[in-house]
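Residue numbers (numbering that gives the first Met the number 0), protein chains in the order written: chain S, 0 to 203; chain B, 0 to 264; chain Y, 0 to 800.
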Amino acid sequence: MPQYAFHIDTSACSGCKACQAACRDKNNVGFDVKWRRVYEIEGGNWEQKDGVFTSLPFSYFISLSCNNCGNPVCVKACPTTAMHIGRNGITVIDSKLCIGCKYCEWACPYSAPQYDPTRKSMTKCDLCEDYVITGKKPACVDACPVRALDFGTYSEMSEKYGTENELHPLPDPVSYDPGMIIKPHRDAARAKNENAVVADKKEI
Amino acid sequence: MEKDYISLVLFTVLSQTAVGSLILREILLYPANNFQHSREFRVFSLLFTGIIIAFAIGAAFLHLGKQSASVHTLRNLRNSWLSREILFTIAFSLTVLLYWFNEKFLNLNALNFLLSLTGIITGAGLLVSMSAIYMLPAVPSWNSPLTPVSFFVTAAAGGMSVLAILYAGYGPGLNRIFLVILSLTILLSLVSSGFMVSSAKGTVILTLFTIRIATGLTALLLIYLIYFKIIPNKIPPLTVLLITVLLTEMAGRVIFFLNYHKSGL
Amino acid sequence: MNAVTEKTRGNSFSRRLFVKLSALTGALLLRKGKKSDDTASVLSGYLASGEEKIIRTGCPAHNCGGRCLLKVHVRDGIITRIETDDRPGDDVSDPRLRACIRGRSYRARQYHPDRLKYPLKRTGKRGEGKFERISWDEAYDIMHREISRVIRQYGNSALFIPYGTGSYTNLNGRWPAVRLLNLLGGSLGYYNSYSWACTNIATPYVYGTLNTGNQRQDWLNSRYIILWGWNPAEMIDGTNSAWFIKKAREKGAKTVCIDPRMSMSAVALADEWIPIRPGTDAAMMSAMAWVIISEKLTDDDFIRRCCSGYDSTQMPKGCENEESYKDYILGTRDGIPKTPQWAEKITAVPAATITRIAREYATLKPAVLYQGYGMQRRAYGEQVVRAGAALSAITGNIGIPGGWASGLASQAGGEPFWTTFPMGDNPVKARIPVFLWTEAIIRGKEMGAAEGVRGADRLDNNIKLIWSVASNILVNQHSNINRTIKIIGDEKLVEFIAVQDNFLTPSAKYADLVLPACTQFETWGVEDGWKYGEEVFLTPQIVDPPYETKSDYRICADLAKRFGVWDEFTAGGKDEKAWAEWIINEYYRKTRFPEMPKFKELLESNAGVYVRPVSEPVVALAAFRKDPGKHPLSTPTGKIELFSKPLFDMKQPGEIPAVPKYITEWESPFGSEAEKYPLQAIGHHYMPRVHSTHDNNEMTMNAFPQKVYINETDAGKRNIRNGDMVRVWNDRGALVAKCKVTSKILPGVIDIPQGAWYNPGEDGTDFGGNINILTTERWTPLAKGNPQHTIMVQVEKYRKG
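As structure tokens, this is what we get:
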């Protein structure tokens, strides 16, 4: 089974959250969970000299859902095997087995699994499995107004976009092998140097 | 981190206290060759431990979204530390139950030895698996040696405080060295959480830290007063001691859970 | 039988589901004791079953700059999913028309429990928001009685249908109401808009036309693009505009965003962000001109052939000795050379940066200087429009592929029609500037040319009756809410107010009669582009109007019956669908798109849209550039007028100069008002809303809550922390809202995204976060437009009581 992967062009993402809305609409998820999250990275300072500003802030956005890791720590963590790699090579949740203990949420460095109090179960982006098996792309990908998202098998994506999967402040991908290929924003290096953080975490 | 971590605070602190009380009981019981310990002490100590672990399990259930599915939790023993923790919890609880039954009704010495050994192994297993659960690379603030240290310290401090009550009620009287070790453990607990709090910010955490220090110091003061026999070595003051120790550990655990944040994001 | 008046409402099944949805949402509200976590939109996905139909339609875009394609899934008469354009191929000439968060979140608006369901009559004081349910019969009686009375008592010019874009297809919105009143003798007209009043008036003074924009695909031919106060990623100034900029960058164009905020476009579309003090853009533009002129980077041949008023050699007759554009820039008359050093103090942009941008713009040709609209919704918005156009002119970036003439920049080679529904002739000839409707209420009879009245010397009436269709302008979107509500709250001034809408908006609360209109998914319509685009959307009726709601057209048709003009109004019995057919077959096919499929064909294909691909983008003013003698502009000189004699003749050089100038605004950081109110406030167009539409949409607002954006420095001085509630006030009013402390806005400036619903507390403080509680009713000198971004305010941490 091939590993699926998202391409995320953070140099073009405007943070408009069309992907998130498309995801909500398609998957009928409530506001307690966000299967696709748009992180706003913000940093830098203002320096005023003689009435003009010299040093400037910077910012970029990262849109993340589930990266369908090659080494899914969520699957390892789950006590009930509710979280498992399904028939199509996509990590999914069997909600009949799920006890809602949230251990997968802790284990996932990308916060992909989230508890839905309405369904009393952990929930997670399933890469729009129903779309993918018919050859369509996930709802979020086909929503992006600037085409900053793409989706396919890892080999297709890496052929098109390379293999870059590191971006500040995402966790070191080595131990997870995420299905995620990133085009860094022009300020990514600066953000790393200045250790920029996610603005307004509560509002992701 | 959501509000429901409170049940996890209760579960971790109470289960660790239960494990600590059992293991310490066995350590203290056997070198002394049983003679100093009354039958009441032996039965009541197990009953006490059993009650504490029962409360802990109850709290753990509150944390679950869907209790009905909990029968499935042992399906991933191969990979999941949580599965293993649950296995150890069940095994430990059953051991305590059987142990108590034997001490109270059967009194088979050979069985006692076996159950004592199982209790120590499952209890230690519970502490180890619980530590492994929280040492997640995705949560750097938990992924540190402080996590197992704080769990074992809770087990020691809580366990000793429980035994102190039992000694006062049914035992041969309190050994002063025991009090010294307990006070050192509490000190260690307070010091270790100092490292934890330094990585966290916010008024809530500072308040909790204050509560933790205040209750911890109260516990130390109580031990001091008992040590120098200013107040009597009786159940009521020792119960207060247990409560202060549990409070200080719980405050520490709340800080621990509030420290939950993902690397980077 | 005629479908317009006879057909009964809704089928009971879909109505039952709607009731169920609303009830469930209500139950959730009760259970949670707070805003529900799951809106009806989410629930509708669970509830409906049965066979799925997919209908392609245009997004109910309201007054969004984009027009996108939606794929609406329907089961059991309930919309269960909204996807977007998935046509095969996705290239620059015919890209997918992908909807943003507003379109994708439409179910939450469609199935909102607060939808108006029945006609309502006011019971309390006007504005108190107390109503009782009445029948449509009674509602029509009241409308008929009041309109007839006002016509009899005052005349038709006392009737007014305000500007409004809450429902906005070629068929829905205010157009049917205008048609009806025109049949009854007309109503007071207006011209201009709230969106771009200044550029709409100022652009023709330079170019003689509004069609100064190339088709957008042409941006891919540019080497340098300045997004000046322009934020297409968020306001969606044309579907795919942001994507075209991305494509231009991929081809090597350098992009610069000049904006007080690090907007979404500054982050995603620009190589560089240059923060600038609001209201000082004309100063930076003038300084750029100074650099370009003094470093001889001008396109002298183009200036000589195509411009007028650049220097003393080309001044119009009768103005030979007046100050030319070059005179102003070099300071030969006023003694102030408009150098980067001069501009630095005004704009807060370092002189070196201004110089560099000027050089880049003048040398990396062809170049685009795209002007956003926020900078012209200001005190002297006319100046910035002309100053930007002047830069395009002196660098010769006009009439060439990859260039851009600035100004309003409606698409050359045919622009969208906005509305094609025939409204007939208005027998009342007088028209007011749209922004001055409150003036026309309190002193209409005194208004004349000085107030911009057109079509008559002066008005013969004050406005006495307002019929507001799909408009939130009565309270929410007009300047200075505290003043406005005093005026419309006075029953002696406006004697009758009817509001027709989907929700009980802040404006609807001031109505005497509320008429429940259906959404665009519940009736027929036709949409085309906004400013750009080669698309025509057919928006069929997808679901039935719930409860007793009706389409705007049907309400007017029913009313027409009362007035005895039903036949004329419906043109012999046309219903909504018949009008949609007429618009496509008789209008679009006979004008702009003769090749497009007929209505029936388009409907049956379920394509939702007809698109004419753009493979060779039209370049505005190309013929003029080639041969200005043969293809003159319709300005007095036939050329690009850097000096305008008509403006000179107005003899108000201080506020309406003949050459574009930077003028210090009437409220600015440079005046004494700044002592009391030191912060500039702007109100940008916010991602989750289209003006005030969607402010009650939980799905969009959950993603982008209303906030006051304030710089860390300004927040620090005031002891304000991120997430605090802050109070923002000036002499006109006060609002309270949550704040976001950010580095992404210039110090000294706060941003209160416009369009939040006014929600007054007991003392009149607005808790909705509506910027119009702070804005001024004063109008701009030339366009008589809205200067809603020119305000000074103070901010403090909010404390109850």
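Every residue, glycine too, gets a C-beta built ideally from N, C-alpha and C. Nothing here was measured: the structure is a model prediction, and the numbers come from that model.
Cut-off 6 Å between Cβ atoms - residues of its own chain near residue i, not counting five sequence neighbours on either side
i: residue 189 of chain Y; result: 430, 431 and 433
i: residue 216 of chain Y; result: 91, 613 and 616
i: residue 6 of chain S; result: 149, 156, 160 and 180
i: residue 459 of chain Y; result: 156
i: residue 425 of chain Y; result: 181, 185 and 188
i: residue 73 of chain S; result: 82, 103, 106, 107 and 112
i: residue 185 of chain S; result: none
i: residue 34 of chain Y; result: Its pLDDT being 38, under 50, residue 34 of chain Y is placed unreliably in this model, and the value from its coordinates should be taken loosely. Taken in chain order, the list of residues that qualify is empty.
i: residue 378 of chain Y; result: 664, 665, 786 and 789
Identity of the residues DSSP links to residue i by a beta bridge
i: residue 64 of chain B; result: DSSP lists no partner for residue 64 of chain B.
i: residue 793 of chain Y; result: Y:728
i: residue 151 of chain S; result: S:4
i: residue 72 of chain Y; result: Y:53 and Y:80
i: residue 431 of chain Y; result: Y:189
i: residue 759 of chain Y; result: Y:765
i: residue 466 of chain Y; result: Y:497
Min CB distance residue i to chain S below 7 Å
i: residue 41 of chain Y; result: Note that residue 41 of chain Y scores a pLDDT of 49, beneath 50, so its modelled location is shaky and nothing firm can be said.
i: residue 252 of chain B; result: no
i: residue 354 of chain Y; result: no
i: residue 216 of chain B; result: no
i: residue 343 of chain Y; result: yes
i: residue 702 of chain Y; result: yes
i: residue 97 of chain Y; result: yes
i: residue 45 of chain B; result: no
i: residue 686 of chain Y; result: yes
Test: residue i CB closer than 7 Å to a CB of chain Y
i: residue 59 of chain S; result: yes
i: residue 125 of chain S; result: no
i: residue 15 of chain S; result: yes
i: residue 11 of chain S; result: yes
i: residue 24 of chain S; result: yes
i: residue 56 of chain S; result: yes
i: residue 5 of chain S; result: no
Counted within 10 angstroms of its Cβ, other Cβ atoms place residue i as buried (16 or more) or exposed
i: residue 320 of chain Y; result: exposed
i: residue 179 of chain B; result: exposed
i: residue 1 of chain S; result: exposed
i: residue 578 of chain Y; result: buried
i: residue 636 of chain Y; result: buried
i: residue 205 of chain B; result: exposed
Residue i: CB within 6 Å of a non-hydrogen atom of the ligand HEM
i: residue 1 of chain S; result: Only the bare structure without any ligand can be found here, which leaves the ligand HEM out of the picture.
Sequence-distant residues of the same chain with beta carbon closer than 8 Å to residue i, five excluded per side
i: residue 219 of chain B; result: 182, 185 and 186
i: residue 154 of chain S; result: 1
i: residue 440 of chain Y; result: 461, 462, 486, 487, 492 and 493
Residue i at chain B interface by Cβ criterion, 7 Å
i: residue 105 of chain S; result: yes
i: residue 21 of chain S; result: no
Expected contact under 8 Å - CB spacing of residue i and residue j to nearest Å
i: residue 493 of chain Y; j: residue 465 of chain Y; result: 6 Å
i: residue 618 of chain Y; j: residue 213 of chain Y; result: 5 Å
i: residue 666 of chain Y; j: residue 790 of chain Y; result: 6 Å
i: residue 696 of chain Y; j: residue 107 of chain Y; result: 5 Å
Cutoff 7 Å; reference residue i; Cβ partners in own chain excluding five residues on either side
i: residue 95 of chain B; result: 21, 45, 48, 49, 52 and 118
i: residue 533 of chain Y; result: 610, 611 and 613
i: residue 57 of chain S; result: 42, 43, 186, 189 and 190
i: residue 265 of chain Y; result: 256, 258 and 272
Interface flag, residue i vs chain A, CB-CB below 7 Å
i: residue 261 of chain Y; result: Protein chains in the displayed structure are S, B and Y, and chain A is not among them.
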